[in-house]
Each structure stands twice: as C-alpha cells, then as structure tokens.
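A quick write-up on the structure given underneath.
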Amino acid sequence: MSSPKESEGYTVQRSDEEWRDSLSSDAYRVLRHHGTERAGTSPLNVEKRDGVFHCAGCQSPLFTSDTKYESGSGWPSFWKPIEGAVRTTTDRSHFMTRTEVQCATCGGHFGHVFPDGPRPTGLRYCMNGVALDFHPLDEDGPAVE
C-alpha cells in the first residue's frame with residue numbers, strides 16, 4: 122500500500138499492488154518509490170511536437186510543450202507547470218536538500234525543481250521522462266482534457 126504521506130489529499134489513490142499492475146517497472150520505481158532514470162535515456166528529451174505532457178500514473182496534464190526547453194541536464198526540462206498540476210515538497214535524501222516535484226492528483230514523483238532555469242520563471246523543472254506521457258496536439262484542438 123502507498124505510504125500515508127503519499128496518499129493524503131490526492132484525488133487518485135491506489136494500493137501499491139494496483140500501482141505496480143498499472144505501471145511499467147521503471148515508471149513504478151520512479152513514480153511510487155522516488156527513483157531516478159539515467160540521464161539521456163528518455164525519448165521525451167527530443168520530443169519537439171506541440172502537445173501536453175501528462176502524469177504516467179494518473180494521466181493528469183502537467184506541462185505544455187511551449188514550456189519545455191533543452192537544459193543540457195539529460196532529463197526533460199520545463200520552466201513552468203500547468204497551474205495546480207504539481208505539488209512540491211522538501212527532499213533531504215542523498216545528503217542534500219532539494220525541492221521535489223510531485224503530481225498534485227496522485228502524488229507520483231516526477232523529479233526536482235531548481236532555480237537555474239530560463240525566463241520568465243527562472244526555474245528548471247527537471248523531470249524523469251518515464252514518469253510522463255506525451256499527448257500530441259491533435260488537429261481538433263488542445264491536448265489538455
């Protein structure tokens with residue numbers, strides 16, 4: 122079962138077994154156990170189409186393609202999430218303090234946000250690609266549901 126910290130206040134809640142059954146092993150490790158994929162391994166690093174990046178766990182829309190940029194970090198990076206799509210918390214693992222980014226809907230772990238991004242926010246949302254699903258903009262309208 123998900124830890125109380127992970128499940129409190131989220132509109133999408135599943136048991137650990139349900140998460141494990143619904144996600145790939147890599148997505149499960151990252152989203153539910155705060156893992157990190159190897160830098161440079163996500164096909165989303167080179168995704169250039171217009172569209173929306175969604176949570177791989179619950180399919181909530183998170184980032185629009187116009188906020189994605191090449192940070193040189195090896196992970197998909199964005200300068201701003203869709204309003205209300207993410208939550209942040211302090212991560213004190215690995216002998217450092219960072220700001221963790223989580224899904225506001227299901228609590229899944231995406232990565233971290235750093236204060237070294239481009240204007241207008243100055244932020245770099247450094248996300249694990251395996252935690253995201255890309256929905257290309259269709260010809261009938263926006264990919265945000």
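For what it's worth, this note's numbering labels the leading residue of the sequence shown as 122, then goes sequentially.
Each residue gets a CB set at the ideal place from its N, CA and C atoms; glycine is no exception.
Query - Segment limits, alpha helix (DSSP H) that includes residue 153 - result: Position 32 of the sequence shown holds residue 153. First-last of the alpha helix (DSSP H) with residue 153: 146-154.
Query raised in the report: alpha helix (DSSP H) containing residue 259: first to last residue?
Result: As a position in the sequence shown, residue 259 is number 138, starting the count at 1. From DSSP, residue 259 is part of no alpha helix (DSSP H); its letter is neither H nor E.
Query raised in the report: Just reading off the alpha helix (DSSP H) that residue 138 is part of, what are its end residues?
Result: Sequence index remark: in the sequence shown, residue 138 carries index 17 (1-based). Note, residue 138: alpha helix (DSSP H), 137-143.
Query raised in the report: residue 258 to residue 186, Cα distance in whole Å?
Result: In the sequence shown, counting from the first residue as 1, residue 258 sits at position 137. In the sequence shown, counting from the first residue as 1, residue 186 sits at position 65. Going from the Cα of residue 258 to the Cα of residue 186 covers about 9 Å.
**Report entry** For residue 171, the three-state DSSP class (helix, strand or coil)
**Finding:** Counting from one through the sequence shown, the residue named residue 171 turns up at place 50. Residue 171: coil per DSSP, three-state reduction.
Query raised in the report: Which residue comes first and which comes last in the beta strand (DSSP E) that contains residue 248?
Result: Mapped onto the sequence shown, residue 248 falls at position 127. Note, residue 248: beta strand (DSSP E), 245-248.
Query raised in the report: Where does residue 234 fall in DSSP's three states?
Result: On the sequence shown, residue 234 is found 113 positions in, with the first residue counted as 1. Looking at residue 234 - three-state DSSP - the assignment turns out to be strand.
Query raised in the report: For residue 243, does the count of other Cβ atoms within 10 angstroms reach 16, so buried, or fall short, so exposed?
Result: As a working mapping, residue 243 is identified with position 122 in the sequence shown. The residue in question, residue 243, is exposed, as its Cβ has fewer than 16 Cβ neighbours within 10 Å.
Query raised in the report: Does the distance from the C-beta atom of residue 227 to that of residue 193 stay below 8 Å?
Result: If you number the sequence shown from 1, residue 227 lands on position 106. If you number the sequence shown from 1, residue 193 lands on position 72. Cβ distance not < 8 Å, so residue 227 and residue 193 don't count as in contact.
Query raised in the report: What does residue 190 pair with, by DSSP beta-bridge criteria?
Result: Working through the sequence shown from its first residue, we reach residue 190 at position 69. 198, per the DSSP bridge assignment.
**Report entry** Where residue 164 falls: helix, strand or coil (DSSP)
**Finding:** On the sequence shown, residue 164 is found 43 positions in, with the first residue counted as 1. Helix at residue 164.
Query raised in the report: Does DSSP put residue 251 in a helix, in a strand, or in coil?
Result: Locating residue 251 in the sequence shown gives position 130, where the first residue counts as 1. The answer is helix: DSSP assigns residue 251 an H, G or I state.
Query raised in the report: So, is residue 188 buried or exposed, given that buried needs 16 or more other C-beta atoms within 10 angstroms?
Result: Position 67 of the sequence shown, counting from 1, holds the residue named residue 188. It is buried - the Cβ of residue 188 has at least 16 other Cβ atoms within 10 Å.
Query raised in the report: Which residue's Cα is closest to the Cα of residue 232: 162, 239, 156?
Result: Counting from 1 along the sequence shown, the entry for residue 232 is found at position 111. Closest by alpha carbon: 156.
Query raised in the report: Does the distance from the C-beta atom of residue 234 to that of residue 151 stay below 8 Å?
Result: Numbered from 1 along the sequence shown, position 113 holds the residue referred to as residue 234. Numbered from 1 along the sequence shown, position 30 holds the residue referred to as residue 151. Cβ atoms of residue 234 and residue 151: not closer than 8 Å.
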